[in-house]
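S.K.: Numbering (the working numbering), first residue to last: 2 to 207.
C-beta: ideal position from N, C-alpha, C; glycine also.
And the structure:
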């Protein structure tokens with residue numbers, strides 16, 4: 002499931018790659034850990050054109066931001082602020098959105114818009130709100146699905162500032178197709194070089 006994949010990001014904390022979601026100091030923004038590299042996710046805007054031209058895959062008109070939930074009044078305040086700002090953004094761009102939790106308790110901001118650039122901008126806005134409020138370390142990933150003869154996803158790891166492809170085929174993943182996607186987009190996207198960080202996210206709500 003999606004939450005199981007998101008848990009893979011959490012497990013990196015033993016190697017120091019991602020913060021410990023349970024540390025209260027980190028939750029309150031008192032950590033010395035670096036902020037997420039959110040700006041690099043904009044590269045997907047132009048890469049989507051190449052995806053269609055080279056691979057025949059079009060943006061699916063939806064995207065998701067996965068956030069590690071925290072049981073605290075501070076987090077509830079920030080979540081409410083995200084919803085308020087999404088309402089404003091939706092009026093300007095027409096982007097539809099909803100905030101959902103998966104069965105593992107991970108929070109997803111799910112966006113729908115036929116204009117891909119509007120979706121990318123709204124993902125950026127959501128990430129920026131969390132970062133400015135000291136909740137940047139809660140950001141796990143952004144997910145952009147593409148569809149054609151098959152379904153493929155580009156997943157942006159906020160902590161690493163890199164993308165990686167994910168191509169599910171039933172209950173398996175198509176690693177060869179993922180490598181083809183990397184070859185097609187490596188000149189345009191910051192792609193994670195370490196294949197062990199290409200975490201599959203099953204059952205995503207996008």
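(1) Can you name the residues that DSSP bridges to residue 155?
(2) Flag this pair as yes or no: are the beta carbons of residue 207 and residue 63 separated by less than 8 Å?
(3) Check residue 135 in the structure and name its three-state DSSP category.
(4) How is the beta strand (DSSP E) around residue 100 delimited, first residue to last?
(5) With residue 64 as the anchor, note down where its beta strand (DSSP E) starts and where it stops.
(6) For the alpha helix (DSSP H) that residue 186 lies in, which residues bound it at each end?
(7) Can you tell me the Cα-Cα spacing of residue 119 and residue 189, whole angstroms?
(8) Once you ignore the five residues that flank residue 115 on each side, which residues in its own chain have a CB closer than 6 Å to its CB?
(9) Ignore the nearest five residues each way along the sequence and tell me which others in residue 45's own chain have a CB closer than 8 Å to its CB.
(10) Residue 104 to residue 57, Cα distance in whole Å?
(11) Ignore the nearest five residues each way along the sequence and tell me which others in residue 94's own chain have a CB closer than 6 Å to its CB.
(12) In the structure shown, what three-state DSSP assignment does residue 111 receive?
(13) With 16 as the cutoff for other CB atoms within 10 Å, does residue 160 come out buried or exposed?
(14) Taking just the CA atoms, how far does residue 130 sit from residue 137?
(15) By DSSP, does residue 53 sit in helix, in strand, or in coil?
(16) Determine, using beta carbons only, whether residue 141 and residue 69 come nearer to each other than 8 Å.
M.R.: In short, the structure shows the following:
(1) 145, 166
(2) yes
(3) coil
(4) 97-102
(5) 63-68
(6) 176-186
(7) 19 Å
(8) 62
(9) 121, 145, 155, 157, 164, 190
(10) 33 Å
(11) 119
(12) strand
(13) buried
(14) 8 Å
(15) helix
(16) yes
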